[in-house]
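Heads up, the thing below is written out as structure tokens.
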Amino acid sequence: MRVLVLSDIHSNASALDAVLEKAGSFDEVWQLGDVVGYGPDPDAVVVRLRGVGAAGVRGNHDAAALGDLATSDFNSYAREAVEWTARTMDRASREWLAALPETAARDDIGLRHASYRDPVWEYITSSSIAGDSLAIVEAEGLAVGLFGHTHLPAVFADLDGRVVATSPSDGTRVALDGHRALLNPGSVGQPRDGDPRASFMLLDTERREATWRRVRYDIAAVQARFRRAGLPERLATRLDHGH
Ligand code: ZN
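Our numbering numbers the first residue of the sequence shown as 65 and each following residue consecutively.
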């Protein structure tokens, strides 16, 4: 099965459309949370994800937009955007987001937004933090743990107890050959690794292989919608730089 793995779409329909077009054929879509927040297109991204039958989990921005998570730990731009999202989203989007669980698994592959210790908040940004999540992946009988939240494409592989981190770029292919691993597809709607192109991952579950891809999209078009919505200017301009 060929699975399109998406994370941190963040209400950016232009980026999501470019990814869906570039991905080619796929059997399923799995999304790792933060469908909404930051960007101007909450309803449009939910409509597209429903259209492709996406399965997945909720992120901290999704939970906050639903009123299920306090925004006191958000920075002021994120909070302003979440409050705008909560006011703007239609009922169908709200119901679809509310039905997303915090944790999910498909066969021996786990889906989480943040980490395996804390599915909503903890950032997996180092090999030592990844090691704690890899131990939980093992305890849950999983071989691969998908995660998002950092907006950085990443692999943390458990090589006989040593956690090795790599940063995949466009075209990087990783064989999942018996080593337990955590995989981050990067962010569709707000990349933070210095590359402004939308990031996504294709997972071949039979060949046990993951491939990272990047795609350009019309950043100016989504920035115009940020301004029309009255969202913080800084959230629009950061898309030019990919951080
Ligand atoms: Zn996010």
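We put the CB at the ideal spot given by N, CA and C, even for glycine.
Query - beta strand (DSSP E) segment containing F264, residue limits - result: A262 to D268
Query - Where the beta strand (DSSP E) containing V69 begins and where it ends - result: V69 -> beta strand (DSSP E) spans R66 to L70.
Query raised in the report: So who's on the other strand from D222, going by DSSP bridges?
Result: V227
Query raised in the report: If you count every other CB in all the chains shown that lies within 10 Å of the CB of S89, and 16 or more means buried, which is it?
Result: exposed
Query - Where I173 falls: helix, strand or coil (DSSP) - result: strand
Query raised in the report: Between the C-alpha atoms of R181 and G294, what's the straight-line distance to the nearest angstrom?
Result: 36 Å
Query raised in the report: In terms of DSSP beta bridges, what is E273 paired with?
Result: A239 and D268
Query - Through-space distance from V116 to A162, alpha-carbon basis - result: 18 Å
Query raised in the report: Do D72 and H307 have their CB atoms nearer than 7 Å?
Result: no
Query - Completely contained beta strand (DSSP E) runs for the region 129-194, where each covers 3 or more residues - result: 167-170 and 173-176
Requested in this report: Just the C-alpha distance for G195 and R271, rounded to the nearest angstrom, thanks.
Outcome: 25 Å
Query - Rounded separation between P260 and D105 - CA only - result: If you take the alpha carbons of P260 and D105, they lie about 18 Å apart.
Report task. Could you tell me whether the Cβ atoms of V309 and L68 are closer together than 7 Å? Result -> Look at the range of the chain in this structure, 65 to 307, and you will see that residue 309 is not part of it.
Query raised in the report: Should M23 go down as buried or exposed, given a rule of 16 or more other Cβ atoms within 10 Å for buried?
Result: The first residue shown for the chain is 65 and the last is 307, placing residue 23 beyond what the model contains.
**Report entry** Proximity to G212 [Cα-Cα], best of S157, S140 and N248
**Finding:** Residue N248 is the option with its Cα nearest to G212.
Query raised in the report: CB-CB under 6 Å to A178, same chain, minus the five flanking residues each way: which ones, in chain order?
Result: V184, W185, E186 and H213
Query raised in the report: Hey, quick one: how far does the alpha helix (DSSP H) through E85 stretch, first residue to last?
Result: A77 to K86
Report task. Please confirm whether G123 and G103 have their CB atoms less than 7 Å apart. Result -> no
Query raised in the report: If V100 and D126 are in contact, beta carbons under 8 Å, what's the gap, nearest whole angstrom?
Result: 6 Å
Report task. Return helix, strand or coil for R278, following the three-state DSSP convention. Result -> strand
Query raised in the report: Starting from R115 and walking both ways along the alpha helix (DSSP H), at which residues does that stretch end?
Result: With the sequence shown as reference, residue 115 is identified as Gly, and Arg is not the correct amino acid for it. Element bounds for G115: P106 to G115.
Query raised in the report: Hey, is D137 close to the ligand ZN, as in C-beta under 6 Å from one of its heavy atoms?
Result: Checking every heavy atom of the ligand ZN against the Cβ of D137, none is found closer than 6 Å.
Report task. Consider the C-beta atom of D98 and the heavy atoms of the ligand ZN; say whether any pair is separated by less than 6 Å. Result -> Within the chosen limit of 6 Å, the ligand ZN reaches the beta carbon of D98 through at least one heavy atom.
Query raised in the report: In whole angstroms, what separates the C-alpha of S231 from that of V219?
Result: Straight-line Cα distance between these residues: approximately 6 Å.
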